[in-house]
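In my numbering, the protein residues as written are 1 to 369.
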Ligand SMILES: NC(=O)c1ccc[n+]([C@@H]2O[C@H](COP(=O)([O-])OP(=O)(O)OC[C@H]3O[C@@H](n4cnc5c(N)ncnc54)[C@H](OP(=O)(O)O)[C@@H]3O)[C@@H](O)[C@H]2O)c1
């Protein structure tokens, strides 16, 4: 029976992906990853309550993508406990939003109601926030933590597994360019003092959330072929359209969020195919990529007609540049190797201090004695 691991499954789209998989795949095992035991247990309770008659197994693992130690340990735990992963959903995501640029908001709405609700440019974001690991926080939470996790578990996904990334309609080509940030990014902050590593980690980016999604798209196109050749694992790129979830609600005052949510339905009624509105409809493309073997080069979006009838929309990753893709792929692999070496060294040091032989590696009491 298939095993699906879903990051960020305690709310929004991640929870909806779990629901849709349970509805579509009889006997599936769902492993949710959350940042705390309380959130994980609550998620499992909600799933059990919703599907009392379904044959399924539910489990969880703790994962904080903002900590590379947590990502490394979780990958190890998933491999040891489950031995096989069929679907890996790289879904969790965050933005460092600090408010709205009201002037830009007014301008966006003046230029077009639906466009302003589809491709907003008015979300203000903090620039340069680093994680405790010293990496760009948004970069680590949305892209690098997932990339590390994926690389670690690929061996147990061999021959038929699927990796499914959640990207966004907001993966604007102008939001990220590598290694020269000024090439397409119009509003980069202090680019003169930046290094390629700062650019990759979105540390000088005024739109780090959108940049992280563009980076995801580039990385997908640059890497899906080699992943398939090495592991026979299919990697897919999806987006949920636009739905009202905590990623917005957490950063807006409640009346504003509900007003915006209502506007999503109005936009849909006026013909916007992207306003899926609910996370359940937004999760369609994530489910589709699990159950259908479609072309990996495409980006699969969830859409609806004005009455909310669902549809899959195939898109191209816009303005993909192969040279940039190769550079991004190499930089991500280099960073992955650097962190893997560092974390494994820490593991070995910990084991060599132990008085009993370590069951996982050859270090421990055997070495000391
Ligand atoms: N909603 C939309 O319209 C939309 C559109 C395009 C793309 N997306 C993408 O969809 C994905 C899911 O977002 P959502 O809309 O469902 O928002 P959400 O309800 O806020 O869900 C985000 C999930 O990610 C988790 N998460 C955040 N930071 C994390 C970290 N450092 N480590 C581990 N987990 C972390 C959150 O956990 P906590 O509860 O602990 O914070 C939560 O479970 C994201 O990648 C987002 O970019 C959403």
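All residues carry an ideal CB built from backbone N, CA and C; glycine is no exception.
In the structure shown, what three-state DSSP assignment does residue i receive?
{"i": "residue 14", "result": "helix"}
{"i": "residue 61", "result": "strand"}
{"i": "residue 176", "result": "coil"}
{"i": "residue 220", "result": "helix"}
{"i": "residue 344", "result": "helix"}
{"i": "residue 273", "result": "coil"}
{"i": "residue 214", "result": "helix"}
{"i": "residue 5", "result": "strand"}
{"i": "residue 110", "result": "helix"}
{"i": "residue 259", "result": "helix"}
{"i": "residue 367", "result": "Confidence in residue 367 is poor, its pLDDT being 38 and thus under 50, which makes the residue's placement unreliable; the coordinate value appears in the next sentence. In the structure shown, residue 367 sits in a helix (DSSP, three-state: H, G or I)."}
{"i": "residue 298", "result": "coil"}
{"i": "residue 247", "result": "helix"}
{"i": "residue 349", "result": "helix"}
{"i": "residue 78", "result": "helix"}
{"i": "residue 35", "result": "coil"}
{"i": "residue 165", "result": "strand"}
Of all the options the options, which has the alpha carbon lying nearest to the alpha carbon of residue i?
{"i": "residue 372", "options": "27, 216, 271", "result": "Absent from the structure is residue 372, since the part of the chain shown begins at 1 and ends at 369."}
{"i": "residue 332", "options": "238, 197, 69", "result": "197"}
{"i": "residue 283", "options": "291, 4, 14", "result": "14"}
{"i": "residue 210", "options": "346, 174, 226", "result": "174"}
{"i": "residue 89", "options": "150, 310, 317", "result": "150"}
{"i": "residue 236", "options": "264, 161, 322", "result": "161"}
{"i": "residue 376", "options": "158, 40, 118", "result": "In the structure as shown, the chain starts at 1 and stops at 369, and residue 376 therefore has no counterpart that could be examined."}
{"i": "residue 61", "options": "53, 52, 121, 77", "result": "77"}
{"i": "residue 327", "options": "180, 252, 298", "result": "180"}
{"i": "residue 314", "options": "303, 306, 299", "result": "299"}
{"i": "residue 144", "options": "96, 184, 205, 213", "result": "213"}
{"i": "residue 247", "options": "338, 69, 99", "result": "99"}
{"i": "residue 154", "options": "177, 168, 142, 234", "result": "234"}
{"i": "residue 68", "options": "45, 199, 141, 225", "result": "141"}
Apart from the five residues on each side of it in sequence, which residues of its chain come closer than 6 Å, Cβ to Cβ, to residue i?
{"i": "residue 59", "result": "31"}
{"i": "residue 223", "result": "329"}
{"i": "residue 20", "result": "283, 287"}
{"i": "residue 349", "result": "none"}
{"i": "residue 273", "result": "303"}
With 16 as the cutoff for other CB atoms within 10 Å, does residue i come out buried or exposed?
{"i": "residue 266", "result": "exposed"}
{"i": "residue 49", "result": "exposed"}
{"i": "residue 292", "result": "exposed"}
{"i": "residue 240", "result": "buried"}
{"i": "residue 238", "result": "buried"}
{"i": "residue 134", "result": "exposed"}
{"i": "residue 42", "result": "exposed"}
{"i": "residue 364", "result": "For residue 364, the predicted structure reports a pLDDT of 46, less than 50, and the residue's modelled location is therefore unreliable. A value from the coordinates is still provided. Residue 364 should be labelled buried."}
{"i": "residue 81", "result": "exposed"}
{"i": "residue 159", "result": "exposed"}
{"i": "residue 208", "result": "buried"}
Using a Cβ-Cβ cutoff of less than 7 Å, which residues in the same chain neighbour residue i once the five nearest sequence positions on both sides are dropped?
{"i": "residue 278", "result": "243"}
{"i": "residue 18", "result": "6, 9, 30, 32, 47"}
{"i": "residue 109", "result": "116"}
Below 8 Å CB to CB, which residues in the same chain sit around residue i once its five sequence neighbours on both sides are set aside?
{"i": "residue 36", "result": "62"}
If we cut at 8 Å on Cβ distances, does residue i have a partner in chain C?
{"i": "residue 269", "result": "Protein chain content of the structure displayed is limited to a single chain, and chain C is not contained in it."}
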